[in-house]
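Okay, structure first, notes after.
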Amino acid sequence: MYYSFKPLLKLRYALDDNGAKIEPSHSGQKAKCILCKGTVIGKCGEIYVWHWQHQNDRVCDPWKEHETEWHRNWKAKFPIDWQEVIIENYYEKHIADIKTADGTVIEFQNSSISNDTIRVRENFYRDMIWVVNAITFKDNFKKLSLVQLSLKTIEREYYKELKYLEDSYKADLKRITEINKKSEQEISRKIGIIKIKTNSVDKLQEILKDHENFTNEVIKKWSEEGVYWGDETYDVANKINPESKRQLVSIPEKKKELHDEIKSLEIGLQKINNLDDFEIEGQLFKILPYSNLPAESFPRARAILKKSRTSLFQEIVSFKTESEFKSYKYRQDQFDFAVDPTNGISNYHKKIEGVKISIHNLDMQLQGLKNSIAENLVIHLKSKIQDLESQIHSLNVELDDLIEEKVGKQQTRQFILT
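The structure is reproduced here in structure tokens:
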């Protein structure tokens, strides 16, 4: 027997901004995919059941079948927390239709599927049950229910014993049986919740042991993607002060700007060093075009008669006033110009050193923010663990009461039967 599935992924549930499961309420509504965290869009038309669909028609889980009313009706028989649950094995993730409190996976299959695919999914989910829509081929095989066979056997064994009590104790027995059944369901539900919360505590304890790695992961996600997501720690990370997060994310960009400024200053300094040297009375000057000399630099500038540069008696002019310096604008063909670079070089070095100090201060600020965030993450982790442990304790007390109550009802039922 072979089956296939449709390519478009249509989900009943997605995650809102608070990480809660929601159904679409109108077309165009946006949320996050519970598996890949990509953007999904609400599709609420009149032909198909209302569903979520990836914004770019992405299929992040090829196992997920096209959602129909048949699927919805089956899923609706189970609690919302059990529906569309992410299962991860061997670094592979898929969305199970139903995952019960005891870990059993239930898959609803409304279309054909190959035997190989069945084996792959059963190996992945392990403890699972298939519910297949057999309307179109129900006459091809004979149904056999082990549960019904077992019940028939029980009925035969106890029929004679219960028959004579039926008239006198029927009402009481039915009431106690129903109460006992509800007690078992409630006990099963409590045990499932305790398992889930205990697993969460175990995971959080492991994270707490390696909290430095957890802090680095949170900071990395903030810096690269702007948001951190973790099944057990999303709410923990979101308790960090948004202003601390904003400052943390902005520091790398500020450092980049400062490093770019240093490069620019070093280029300017190199340009000065690359100018031709000219010695005047034992002092080093740099030759550069008149147009590159600002007028206010006239005290450090000199004009050198070009034709005298190679003679023993060089004609060098020092400027006494700014106007005198400006008058040489029209004598550039006769003179070369030199300037004392000492102040310029010193200013470049001071600016570079100042920028380096700013970078160091940013590094100190960054480390301080990281330390503060790490401390707060540890506090929030411990607080969540403590809260979960308190919930588990309360649930265990309730479970003990339920079990004690059930034992009492079983004794009453046994008394009626005897």
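The sequence shown begins at 661 in this note's numbering and counts up by one. Even for Gly, the Cβ is constructed at its ideal location relative to N, Cα and C.
Q) Which residue from Asn873, Ser848, Gln992, Val1015 puts its Cα closest to that of Asn1031? A) Asn873
Q) Whose CA, out of Val780, Glu939, Ile773, Leu1029, lies closest to the CA of Val999? A) Glu939
Q.
For the beta strand (DSSP E) containing Glu744, name the first residue and the last one.
A. 743-749
Q) Quick one: Cα of Glu1058 to Cα of Glu706, how far? A) 45 Å
Q.
Pull the bridge partners of Arg962 from the DSSP assignment, please.
A. Ser978, Ala998
Q) In three-state DSSP terms, what is Val686? A) According to the sequence as given, residue 686 is His; it is not Val. Coil, per DSSP.
Q.
Check whether the segment 984-993 and the segment 1036-1043 touch, using three or more Cβ-Cβ pairs below 8 Å as the test.
A. no
(Q) Are the CB atoms of Phe945 and Phe958 within a distance shorter than 8 Å? (A) no
(Q) Could you check whether the segment 1002-1020 touches the segment 910-919, counting it as contact only if at least three pairs of C-beta atoms, one from each stretch, sit closer than 8 Å? (A) yes
Q | Bridge-paired residues (DSSP) for Gln713 | A | Lys670, Ile701
Q. Which residues in the same chain as Val896 place their Cβ atom closer than 7 Å to its Cβ, once the five residues preceding and following it in sequence are excluded?
A. Leu1037, His1040, Leu1041, Lys1044
Q) Helix, strand or coil: which one does DSSP assign to Phe973? A) coil
Q. Roughly how many angstroms separate the alpha carbons of Asn678 and Asn898, rounded to a whole number?
A. 10 Å
Q. Which residues in the same chain have their Cβ closer than 7 Å to the Cβ of Gln1046, if we skip the five residues on either side of it in sequence?
A. none
Q) Applying the criterion that 16 or more other CB atoms from any shown protein chain within 10 Å of the CB defines a buried residue, is Met661 buried or exposed? A) Low local confidence applies: a pLDDT of 32 at Met661 is under 50, so the model's placement there is unreliable, with the coordinate-based value given in what follows. Looking at its Cβ environment, which holds fewer than 16 other Cβ atoms inside 10 Å, Met661 is exposed.
Q. Terminal residues of the continuous alpha helix (DSSP H) containing Gln907?
A. 902-934
Q.
Please classify Asn770 as buried or exposed, where buried requires at least 16 neighbouring CB atoms within 10 angstroms.
A. buried
Q) Can you name, in chain order, every residue of its own chain whose Cβ lies under 6 Å from the Cβ of Arg960, other than the five neighbours on each side? A) Val999, Asp1000
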